[in-house]
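See structure below.
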Amino acid sequence: MRTASRLLWVLSGFAFALGTLYWFLTYETTGTVLLWMLALMPLIVATWIWRRGLVSAQLTEDDPEADPGAHPGQVIGSFPLDSAWPIFAVLGVITAGASLVYGLILLPPGLALLAYAIYGLMRESRQ
Amino acid sequence: MSTTVEQPPAAEAPMEPERHGPVAWLTTTDHKKIGIMYCVTAFAFFLVGGALADMIRTELAEPGRQVVSTQTYNTLFTIHGTVMIFLFVAPFGAGLANYLIPLQIGAPDMAFPRLNALSYWFFVGGGALVLLSSFASAGGGAAMGWTAYTPLSEARMSPGVGPDLWILGIALVAIATLLTGVNILTTVFLLRAPGMTMWRLPIFTWNMVVTALLGLVAFPPAVAAFALLLVDRRLGGHAFDPLGGGDPVIYQHLFWFLGHPEVYILILPVFGVVTEIIPVFSRKPLFGYAGFVLATLAIGALSTGVWAHHMFTTGAVDNPFFSAMTLLIAVPTGVKFFNWIGSMWQGKIRMAVPMLFAVGFMANFLIGGVTGVMLASPPIDFQVADSYFLVAHFHYTMMGGAVFGIFAAIYFWHPKMTGRMLSERLGRLVFALLFVGFNLTFWPQFVVGMRGMPRRIVDYATGLGFDTPNLVSTIGAGVLTLGVLVFLFDVWHARRHPVLAGDDPWGGYSLEWATTSPPPERNFAALPKIRSERPAFDLHHPDVKP
Chain A
1 MRTASRLLWV LSGFAFALGT LYWFLTYETT GTVLLWMLAL MPLIVATWIW RRGLVSAQLT
61 EDDPEADPGA HPGQVIGSFP LDSAWPIFAV LGVITAGASL VYGLILLPPG LALLAYAIYG
121 LMRESRQ
Chain L
1 MSTTVEQPPA AEAPMEPERH GPVAWLTTTD HKKIGIMYCV TAFAFFLVGG ALADMIRTEL
61 AEPGRQVVST QTYNTLFTIH GTVMIFLFVA PFGAGLANYL IPLQIGAPDM AFPRLNALSY
121 WFFVGGGALV LLSSFASAGG GAAMGWTAYT PLSEARMSPG VGPDLWILGI ALVAIATLLT
181 GVNILTTVFL LRAPGMTMWR LPIFTWNMVV TALLGLVAFP PAVAAFALLL VDRRLGGHAF
241 DPLGGGDPVI YQHLFWFLGH PEVYILILPV FGVVTEIIPV FSRKPLFGYA GFVLATLAIG
301 ALSTGVWAHH MFTTGAVDNP FFSAMTLLIA VPTGVKFFNW IGSMWQGKIR MAVPMLFAVG
361 FMANFLIGGV TGVMLASPPI DFQVADSYFL VAHFHYTMMG GAVFGIFAAI YFWHPKMTGR
421 MLSERLGRLV FALLFVGFNL TFWPQFVVGM RGMPRRIVDY ATGLGFDTPN LVSTIGAGVL
481 TLGVLVFLFD VWHARRHPVL AGDDPWGGYS LEWATTSPPP ERNFAALPKI RSERPAFDLH
541 HPDVKP
């Protein structure tokens, strides 16, 4: 994760430096806040990687000599084959969002559909 | 249902049988099917956006009113811009990323397959709302331009539900982009095959990493702006309405903080596509791999500091700062051109259709880029702001650049996705029609722009030097349309009369060319040892030292 981590630190540092430079050149608030917030977002992820000790973790993908055939049977992860819940989740969000345009009567069914889809996704992901 | 995936052994292993049928496609979480659905849906939006553009060009073919009313014309260019930017070019890049990234890094799928399906359906839902916002909405469609500047987009200037649906639609597309960004970064950081170090990633994947990062940092402010705009319109807020003490310039800041990185969100995937194609058809390794990656990172970083060059004429921003940052970004872009030319230099170049489109992309994008450098200079920008010069510049980067890159990608990876070749002869015809049609359409727009024709007008007076260039431009749009129709025929022909592609028809370099065409459900029956950034080439040429 060393390269990925560095990428996030560099992006954060660049945005912070740019935001600071921008502030002293312009004294314009909106752009400065945007740039400093931009610095904060990768910083959160980079700090998490650092605190979990993943920066120096020896991952096979970071080893240039690693052989994919050397560890057959090593578990990569669990991947679902299909799921209908994302469709229901999006329908729920659209219905709830449309309540802002067409009236609040659409809000309860939209939120109910969304909650049902989230529950379905959670149950499915535990299987 | 989930399946646990293990590292494939070096020897071939039997794969699970694939499921077919419409339900299998609609509920799929397989990255390849989602990638193809993204690409097909985005291309359908391209056809819609193209049809709207043809109506615009028909209206402008000659002075006087031909086809549509002023209000309809405003809706036409609003939806055309929105569809092409948010529903075609960007999602097509996301589709390619979905399809290719796990294959290129040796992963069985994206890191979060359900999230992947969720982002696709958010994109479809958002796209449907945007289309609905145009003509199928009571009280008037969205007609405030794809930038939705305030106060024009406030309720008192743009009444009706059209703009509200437009805002909701774009917000959903933004959520889709954010989810895709998270998925791409997690996949690339955590699911690479053993030996696939970050500095061996294919350039397309690298470019998608930067694109995903840009999406993650640039979209939230715009979503906030759209949310505040909706509050203004529906809940009586005054965030951007000057009559209520709001500040429309803040909207412009928030919008362009997305809007300009968005240009790179659109073009970086295409840079990646072209960089995959040029070395393969030049029979050489990529010239300057590390330099190319660093240039991409530099473009990504610098693109976050150029947003207000779209606001030079407001008088509310520091023009020298944004001018300097914009000129600076031309440097890493120039590095990329050197990389491409260096990769072709003294190579055994095969001018197959993907390579034709890649070279066409370079020619068109160069013109778009150079005129962009011109526009980075405030005195020139003041002169041509809101004129057709801007329209021409933008289309040379987005249509001549991004769309030509997308066609290059389709001709390059269609054999991998379907196992079938597209016709080389028809492909050359498509390229000729698109290249000639594109330049006929948009070069005259530089001319009328310099002569002072403003954009976003439904009519123009005769005798100002606008007539002939506009007519030529409309003829060019007709040629472009013909090119797209021939392409659709080519795809249909490939389905009806398949010419089998084989696993690696081009002699490709990256890992997707080391599996079958189309690939099986979890991508690889066996992963080769990854010795360089060209693992498929190494596999097929074990005698050549990496």
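Residue numbers (our numbering), protein chains in the order written: chain A, 1 to 127; chain L, 1 to 546. Glycine is no exception: its CB is placed at the ideal position from the N, C-alpha and C atoms. From a predicted model like this one, the values you see are computed outputs, not experimental measurements.
Backbone secondary structure at PRO269/L - three-state DSSP: On the second sequence, position 269 is the one that residue 269/L refers to. Of the three classes helix, strand and coil, the one that applies to PRO269/L here is helix, per DSSP.
Rounded separation between PHE321/L and ALA155/L - CA only: Here residue 321/L corresponds to residue number 321 of the second sequence, with the count starting at 1. Here residue 155/L corresponds to residue number 155 of the second sequence, with the count starting at 1. Each residue's Cα considered, the two are about 34 Å apart.
For ILE76/A, the first and last residue of its enclosing beta strand (DSSP E): Indexing the first sequence from 1 puts residue 76/A at position 76. ILE76/A -> beta strand (DSSP E) spans 75-80.
Nearest neighbour of ARG548/L, chosen from GLY465/L, HIS260/L, ASP164/L, VAL209/L [CA to CA]: One cannot answer for residue 548/L here, as it falls past the ends of chain L, which runs 1 to 546.
Cβ pair TRP307/L, PHE257/L closer than 7 Å: Residue numbering aside, residue 307/L sits at position 307 when the second sequence is read from its first letter. Residue numbering aside, residue 257/L sits at position 257 when the second sequence is read from its first letter. Going by C-beta atoms, TRP307/L is nearer than 7 Å to PHE257/L.
Beta-carbon separation (whole angstroms), ASP62/A vs LYS529/L, contact threshold 8 Å: Residue numbering aside, residue 62/A sits at position 62 when the first sequence is read from its first letter. Residue numbering aside, residue 529/L sits at position 529 when the second sequence is read from its first letter. Going by Cβ atoms, the distance from ASP62/A to LYS529/L rounds to 15 Å, so no, they are not a contact pair.
At least 3 beta-carbon pairs within less than 8 Å: the segment 500-512 of chain L vs the segment 414-421 of chain L: yes
Interfacial residues, the segment 66-99 of chain L to chain A, with Cβ spacing under 9 Å: none
Validate contact between the segment 194-204 of chain L and the segment 141-153 of chain L using beta carbons, cut 8 Å, 3 pairs: no
Touching by the beta-carbon criterion (3+ pairs, under 8 Å), the segment 83-91 of chain A and the segment 117-124 of chain A: yes
Below-7 Å beta-carbon distance, MET450/L vs any chain A residue: For the purposes of this step, residue 450/L is identified with residue 450 of the second sequence, where counting begins at 1. No - not a single Cβ of chain A is within 7 Å of the one on MET450/L.
Bounding residues of the alpha helix (DSSP H) (the contiguous stretch that carries GLN71/L): By one-based count along the second sequence, residue 71/L stands at place 71. Where GLN71/L is concerned, the enclosing alpha helix (DSSP H) stretches over 70-82.
Cut-off 8 Å between Cβ atoms - residues of its own chain near LEU266/L, not counting five sequence neighbours on either side: The residue labelled residue 266/L in the question sits at position 266 within the second sequence. Result list for LEU266/L: ILE85, VAL89, ALA90, GLY93, MET398, ALA402, in chain order.
Beta carbon proximity, LYS529/L to chain A, threshold 7 Å: As a first step, residue 529/L is located in the second sequence; it is residue number 529 there, counting from the start. Output row for LYS529/L: interface = yes.
Length of the line joining the Cα atoms of PHE338/L and PHE226/L: In the second sequence, the residue the question calls residue 338/L occupies position 338. In the second sequence, the residue the question calls residue 226/L occupies position 226. Between PHE338/L and PHE226/L, the C-alpha separation is close to 39 Å.
Interface flag, GLY125/L vs chain A, CB-CB below 7 Å: Translated into positions along the second sequence, residue 125/L becomes position 125. So yes, GLY125/L belongs to the interface.
TYR388/L classed as buried or exposed, judged by whether at least 16 other C-beta atoms fall within 10 angstroms: Here the question's residue 388/L lines up with position 388 in the second sequence. Looking at its Cβ environment, which holds 16 or more other Cβ atoms inside 10 Å, TYR388/L is buried.
Sheet register partners of THR28/L (DSSP bridge): The residue labelled residue 28/L in the question sits at position 28 within the second sequence. For THR28/L, which the question treats as bridged, DSSP gives the partners ASP82/A.
Interface residues of the segment 21-44 of chain L facing chain A [CB-CB below 9 Å]: VAL23, ALA24, LEU26, THR27, THR28, THR29, ASP30
C-alpha distance - PRO518/L paired with TYR99/L, whole-angstrom precision: Residue numbering aside, residue 518/L sits at position 518 when the second sequence is read from its first letter. Residue numbering aside, residue 99/L sits at position 99 when the second sequence is read from its first letter. One C-alpha to the other measures close to 11 Å.
DSSP state of ARG420/L mapped onto helix, strand, coil: Position 420 of the second sequence, counted from the first residue, corresponds to residue 420/L. It is a strand residue.
Interface positions of the segment 93-106 of chain A facing chain L (Cβ-Cβ less than 9 Å), listed along the chain: VAL93, ILE94, GLY97, ALA98, LEU100, VAL101, TYR102
Reduced DSSP category for PRO498/L - H, G, I as helix; E, B as strand; rest coil: The residue given as residue 498/L occupies position 498 in the second sequence. DSSP places PRO498/L in coil when its eight states are reduced to three.
Interface flag, PRO14/L vs chain A, CB-CB below 7 Å: Numbered from 1 along the second sequence, position 14 holds the residue referred to as residue 14/L. For PRO14/L, the predicted structure reports a pLDDT of 43, less than 50, and the residue's modelled location is therefore unreliable. A value from the coordinates is still provided. For PRO14/L, the answer is no, since every Cβ of chain A falls outside 7 Å of its Cβ.
Endpoints, the alpha helix (DSSP H) within which GLY181/L is located: On the second sequence, residue 181/L is found 181 positions in, with the first residue counted as 1. Counting along the chain, the alpha helix (DSSP H) containing GLY181/L begins and ends at 162-190.
At least 3 beta-carbon pairs within less than 8 Å: the segment 19-28 of chain A vs the segment 314-334 of chain L: yes
Per-residue DSSP class, three states only, for SER387/L: Start at 1 with the first residue of the second sequence, and residue 387/L comes out as number 387. It is a strand residue.
Residue-chain proximity (ILE250/L, chain A), Cβ-Cβ < 7 Å: Along the second sequence, read from residue 1 onward, the residue named residue 250/L stands at position 250. By this cut-off, ILE250/L is an interface position.
Cα-Cα separation between PRO237/L and LEU243/L, rounded to whole angstroms: Taking the first residue of the second sequence as 1, we reach residue 237/L at position 237. Taking the first residue of the second sequence as 1, we reach residue 243/L at position 243. The sequence given here has Gly at residue 237/L, not Pro. The alpha-carbon atoms of GLY237/L and LEU243/L are separated by roughly 11 Å.
Own chain partners of VAL55/A with C-beta closer than 7 Å, once the 5 adjacent residues on each side are dropped: What you label residue 55/A is simply residue 55 of the first sequence in a count that begins at 1. Excluding positions up to five away in sequence, the list reads MET1, ARG2, SER5, ILE49.
Own chain partners of ALA97/L with C-beta closer than 7 Å, once the 5 adjacent residues on each side are dropped: Translated into positions along the second sequence, residue 97/L becomes position 97. ILE184, MET208, PRO269.
Contact set between THR32/A and chain L, taken where Cβ atoms lie within less than 8 Å: By one-based count along the first sequence, residue 32/A stands at place 32. Going along chain L, no residue has its Cβ under 8 Å from THR32/A, so there is no contact; the nearest lies around 10 Å.
CB contact flag (PRO553/L, PRO80/A, <7 Å): Chain L is shown only over 1 to 546; residue 553/L falls outside these bounds and no answer can be derived.
Outcome for GLN445/L when other beta-carbon atoms lying within 10 angstroms are tallied against a minimum of 16: Along the second sequence, read from residue 1 onward, the residue named residue 445/L stands at position 445. Classification of GLN445/L: buried, given that the 10 Å Cβ count is 16 or more.
Cβ-based burial, ARG192/L [other Cβ within 10 Å; buried from 16]: Position 192 of the second sequence holds residue 192/L. By the neighbour-count rule (16 or more Cβ atoms within 10 Å), ARG192/L is buried.
Nonlocal neighbours in the same chain, by C-beta distance under 8 Å from ALA46/A, ignoring five residues either side: Position 46 of the first sequence, counting from 1, holds the residue named residue 46/A. Excluding residues within five positions, the ones whose Cβ falls inside 8 Å are SER5, LEU8, TRP9, SER12.
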